[in-house]
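Quick note: the sequence shown uses full-length UniProt numbering, first residue 1, plus one each step.
By construction, the Cβ of each residue, glycine as well, lies at the ideal position given by its N, Cα and C atoms.
To start, the structure itself, in structure tokens.
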Amino acid sequence: MYETLFKTFEQLIVLSNEERQIITEIFKPFDMKKGEYFSEMGKPNKRVGFLVEGLVYYYVLKGDHEAITDFTKEGEFVSEYHTFINQTKSTQCIKAIENCKFLIMDYSAIQRLYNEIKEGNKFGRMILEQRFGIVVNQLLSLYMHTPVERYLFFVKNYPDLVQRVPQYLIAAFIGVKPQSLSRIRKRIIHTD
Numbered sequence: 001m002y003e004t005l006f007k008t009f010e011q012l013i014v015l016s017n018e019e020r021q022i023i024t025e026i027f028k029p030f031d032m033k034k035g036e037y038f039s040e041m042g043k044p045n046k047r048v049g050f051l052v053e054g055l056v057y058y059y060v061l062k063g064d065h066e067a068i069t070d071f072t073k074e075g076e077f078v079s080e081y082h083t084f085i086n087q088t089k090s091t092q093c094i095k096a097i098e099n100c101k102f103l104i105m106d107y108s109a110i111q112r113l114y115n116e117i118k119e120g121n122k123f124g125r126m127i128l129e130q131r132f133g134i135v136v137n138q139l140l141s142l143y144m145h146t147p148v149e150r151y152l153f154f155v156k157n158y159p160d161l162v163q164r165v166p167q168y169l170i171a172a173f174i175g176v177k178p179q180s181l182s183r184i185r186k187r188i189i190h191t192d
């Protein structure tokens, strides 16, 4: 379970055996079933997780429907980072699409990671920089691209998720109704 986490760390920093041991003490296994919440809007955000297995989505309520803001799959970190770091209430929900296995840590554990792992601060900063880039690209896409372009972007950049994510969630992610997504997909098939 920890090997995937170690590989993720070691893509960005070098870990000693002692630091690997610290990581196994900091990150605790946590399982979640499909449909359960990792984080709920309006409730304190007390954890960050590394997704070992499974898939989650982030959303906010917009009127009577979910506006999907992101998806996270295995090998990636899960949290609403700004509320976790500031120890405030979540501004969105994070919900399991599939059964999930996490390695999680709380706020005091992340402080330990920053203090006891030689390049822990660097690792944390690089993960946040990656997330920031993803969020900015998604935000720009909402303002600059048509729904067809957003769907094509999703298919190109998340090909493994096209079959794993229910169509109604993909529709909500690109900002259309499920019926509109069906029309978009038919149009794309007929133009190929």
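Asked: With which residues is SER39 paired in a DSSP beta bridge?; Found: ILE94
Asked: How is the alpha helix (DSSP H) around LEU103 delimited, first residue to last?; Found: Not the alpha helix (DSSP H): LEU103 falls in the beta strand (DSSP E), residues 100-106.
Asked: Where do the ends of the beta strand (DSSP E) carrying LEU51 lie?; Found: 47-53
Asked: DSSP three-state call for MET144: helix, strand or coil?; Found: helix
Asked: At 4 residues or longer, and completely inside the region 141-181: list those alpha helix (DSSP H) runs for me, N to C.; Found: 147-157 and 167-174
Asked: Output the boundary residues of the alpha helix (DSSP H) element that contains GLU3.; Found: 2-10
Asked: Could you check whether GLY54 and residue 198 sit closer than 8 Å to each other, using their CB atoms as the reference points?; Found: Because the chain is modelled from 1 through 192, residue 198 falls outside the range shown and cannot be assessed.
Asked: Can you grab the Cα-Cα spacing for the pair ILE127 / ARG150, in whole Å?; Found: 24 Å
Asked: In whole angstroms, what separates the C-alpha of ILE104 from that of ARG187?; Found: 42 Å
Asked: Under three-state DSSP, which class holds THR69?; Found: strand
Asked: Out of curiosity, what's the CA-to-CA distance linking PHE27 and PHE6?; Found: 11 Å
Asked: Who pairs with VAL60 in a beta bridge, going by DSSP?; Found: ALA67
Asked: Sort CYS93, VAL48, THR88 and PHE84 by Cα distance to LEU61 and report the nearest one.; Found: CYS93
Asked: Apart from the five residues on each side of it in sequence, which residues of its chain come closer than 6 Å, Cβ to Cβ, to THR8?; Found: none
Asked: If you follow the alpha helix (DSSP H) that PHE84 is in, where does it begin and where does it stop?; Found: 81-86
Asked: When the distance is taken between beta carbons, is VAL48 closer than 8 Å to SER79?; Found: yes
Asked: Who are the Cβ neighbours of TYR168 in its own chain at under 6 Å, not counting the five residues just before and after it?; Found: PRO178
Asked: How many Å lie between VAL158 and LYS73 at the Cα?; Found: The sequence given here places Tyr at residue 158; Val does not occur at that position. Approximately 10 Å between the Cα atoms of the pair.
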